[in-house]
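Residue numbers (the numbering used here): 2 to 81.
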Amino acid sequence: MYEEGVQLSGEQLERAREARDAIVKNVGILREIVHSALGGTTPSTESTNGLDLRISEDNCVTFPDIGGKYCDPPGICLPA
């Protein structure tokens, strides 16, 4: 439908950038928590800009790069 993409501008572009920045920040925090809870030996400081993230129908956020996931409810970290 939009093979060449649609350029955002103005308030829409500003809101999209703010939303993306918030996602990157918060996903990075959650990733570090999961990494630590599952026994990660070093803090995860890698950039989340190209993060491989999956959110499933069972309310789990999976981080394939660290082999872990967070499911809420019930609020647990599991190996992925």
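Cβ coordinates follow ideal geometry from the N, Cα and C atoms, glycine included.
Between which two residues does the beta strand (DSSP E) carrying residue i extend?
i, result
"Ile77", "Ile77 to Pro80"
"Gly69", "Gly69 to Cys72"
Which of the three DSSP states, helix, strand or coil, is assigned to residue i?
i, result
"Val62", "strand"
"Gly41", "coil"
"Gly11", "helix"
"Gly29", "helix"
"Glu4", "coil"
From the DSSP output, read off the bridge partner residues of residue i.
i, result
"Arg55", "Thr63"
What's the gap between the Cα of residue i and the Cα of residue j?
i, j, result
"Asp66", "Arg16", "29 angstroms"
"Leu39", "Ile24", "22 angstroms"
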